[in-house]
């Protein structure tokens with residue numbers, strides 16, 4: 016939104032990416048500069064982009080799959096997300 020790559024959160028392609036199996040995730044770019052944190056992204060931005068609770072959880076799992084972590088660390092974190 017701030018870089019004008021999409022006109023609004025409602026028009027952001029994240030929902031479409033998730034529907035097509037793209038390993039897309041939700042994150043912050045530069046919280047100190049942008050003034051937003053990951054809680055904001057999950058509670059405000061993701062719903063404004065039309066994401067359901069399950070799509071938000073899928074984006075969380077995708078982020079963990081894409082993280083620079085060992086397979087063991089990823090599995091443990093994914094399990095925690097699924098239990099939440």
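Residue numbers (my numbering): 16 to 99.
Ideal placement from N, C-alpha and C gives every residue a C-beta, glycine not left out.
Pair within 8 Å by beta-carbon distance, residue i and residue j
i: residue 93; j: residue 76; result: yes
i: residue 33; j: residue 25; result: no
i: residue 72; j: residue 37; result: no
i: residue 82; j: residue 89; result: yes
Reference residue i, options the options, closest by Cα
i: residue 57; options: 41, 50, 49 and 45; result: 41
i: residue 65; options: 23, 17 and 19; result: 23
i: residue 18; options: 49, 87 and 31; result: 49
i: residue 30; options: 47, 70, 91 and 54; result: 70
i: residue 74; options: 85, 60, 86 and 20; result: 60
Proximal residues to residue i (C-beta, below 7 Å), its chain only, five neighbours per side dropped
i: residue 51; result: 43
Sequence-distant residues of the same chain with beta carbon closer than 6 Å to residue i, five excluded per side
i: residue 53; result: 43
i: residue 46; result: 52
i: residue 78; result: 40
i: residue 27; result: 21 and 64
Cβ of residue i within 8 Å of any chain C Cβ
i: residue 38; result: In the structure shown, chain C does not exist; there is a single protein chain.
Next on the checklist: To test your reading of the DSSP string, which unbroken alpha helix (DSSP H) runs of 4 or more residues are found completely within the stretch 57-84?
Outcome noted: 68-81
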